[in-house]
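Going by the numbering used here, the sequence shown opens with residue 36, and the numbers climb by one from there.
Take a look at the structure set out below.
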Amino acid sequence: MSTPTKQFYQVQAEKVVKAFEKRKIKAYYCATKEEGIQKVLELIPKESSVSWGGSMTLQELQLPQKLHQGSYHLLDRSLAKSPEEIEKMYHDALSCDYYLMSSNAITLDGKLVNIDGTGNRIAALIYGPKNVIVIAGMNKIVTDEAAALLRVRNQAAPINAFRLQQNTPCTVMGQCGDCLSEDCICGHTLITRMSRIPYRIKVVLIGESLGY
Numbered sequence: 036m037s038t039p040t041k042q043f044y045q046v047q048a049e050k051v052v053k054a055f056e057k058r059k060i061k062a063y064y065c066a067t068k069e070e071g072i073q074k075v076l077e078l079i080p081k082e083s084s085v086s087w088g089g090s091m092t093l094q095e096l097q098l099p100q101k102l103h104q105g106s107y108h109l110l111d112r113s114l115a116k117s118p119e120e121i122e123k124m125y126h127d128a129l130s131c132d133y134y135l136m137s138s139n140a141i142t143l144d145g146k147l148v149n150i151d152g153t154g155n156r157i158a159a160l161i162y163g164p165k166n167v168i169v170i171a172g173m174n175k176i177v178t179d180e181a182a183a184l185l186r187v188r189n190q191a192a193p194i195n196a197f198r199l200q201q202n203t204p205c206t207v208m209g210q211c212g213d214c215l216s217e218d219c220i221c222g223h224t225l226i227t228r229m230s231r232i233p234y235r236i237k238v239v240l241i242g243e244s245l246g247y
């Protein structure tokens with residue numbers, strides 16, 4: 036049944052999908068989680084090499100588990116047995132066929148805004164994997180770059196700092212302290228405004244609230 040929220044998401048998504056197209060980013064809108072999962076799996080051919088960045092959205096959709104059930108060559112860092120093996124997977128992921136991630140925020144005019152700690156996730160978004168699939172709930176949509184950075188610094192990052200049990204000012208104050216602490220997870224800020232390789236980046240928007 037269509038709710039006011041679903042109707043709003045539908046109208047907003049149509050605008051964002053068109054904005055992405057102008058930026059040579061292929062975008063899709065799926066009204067439900069189930070449709071979103073199906074779309075992501077449709078985009079990945081069997082026997083492809085696949086990896087993904089840390090993402091609560093992917094976890095909520097159980098995409099890693101579903102990929103393990105399919106015929107793919109997976110680089111899953113959760114199976115790594117040492118820091119050295121994790122580091123190798125970070126590097127190997129840059130040459131995979133498909134890299135999956137979410138986005139911390141997405142603007143109405145079709146920009147992806149992300150802040151990373153180590154930088155492996157945004158490195159893959161920028162260069163390396165043949166295809167990048169960004170999966171995001173409509174709760175990540177904001178008006179512009181300024182709103183996106185506010186969202187990431189004062190909502191997504193503090194919650195992730197709590198999740199990762201990091202000792203940062205934002206876990207004490209409840210907002211960004213613009214810190215340089217050892218536990219800081221905000222080392223790199225990336226705004227993706229277009230795909231130089233047309234449609235290398237694909238975005239699957241889902242009409243639900245997902246991730247932080």
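Every residue gets a Cβ at the ideal spot worked out from N, C-alpha and C, and that includes glycine.
Since we're looking at a predicted model, the values are computed, not measured.
Cβ-based burial, residue i [other Cβ within 10 Å; buried from 16]
i: R228; result: exposed
i: E243; result: buried
i: R156; result: buried
i: A159; result: buried
i: V148; result: buried
i: R186; result: buried
i: P80; result: exposed
Residue i, DSSP secondary structure in three states
i: C205; result: helix
i: I60; result: coil
i: I194; result: helix
i: T40; result: helix
Proximal residues to residue i (C-beta, below 6 Å), its chain only, five neighbours per side dropped
i: K74; result: Y63, C65 and V239
i: E95; result: L245
i: P193; result: C205
i: A54; result: D144 and G145
i: G71; result: C65, V239 and I241
Any non-hydrogen atom of the ligand ATP within 7 Å of residue i CB
i: A128; result: What this structure holds is no ligand at all, so the ligand ATP is not there to describe.
Sequence-distant residues of the same chain with beta carbon closer than 8 Å to residue i, five excluded per side
i: A182; result: A140 and T142
i: R235; result: K165, N166 and V167
7 Å CB neighbourhood of residue i in its chain, flanking five on each side removed
i: L78; result: I168 and K237
i: N195; result: I220 and Y247
Subject >> Sequence ranges, beta strand (DSSP E) only - wholly within the segment 70 to 154, length at least 3 >> reply: Within the segment 70 to 154, the complete beta strand (DSSP E) runs of at least 3 residues are 84 to 87, 108 to 110, 133 to 136, 140 to 142 and 147 to 151.
**OP:** Please list the segments of the alpha helix (DSSP H) lying wholly inside the segment 152 to 189, counting only runs of 4 or more residues, in order along the chain.
**Re:** 155 to 161 and 180 to 186
**OP:** For the segment 130 to 144 and the segment 88 to 95, state whether three or more C-beta atom pairs, one from each stretch, are separated by less than 8 Å.
**Re:** yes
Subject >> the segment 208 to 224 / the segment 162 to 182 touching (three or more Cβ pairs under 8 Å) >> reply: As far as the Cβ criterion goes, the segment 208 to 224 does not touch the segment 162 to 182, which means the pair count is below three.
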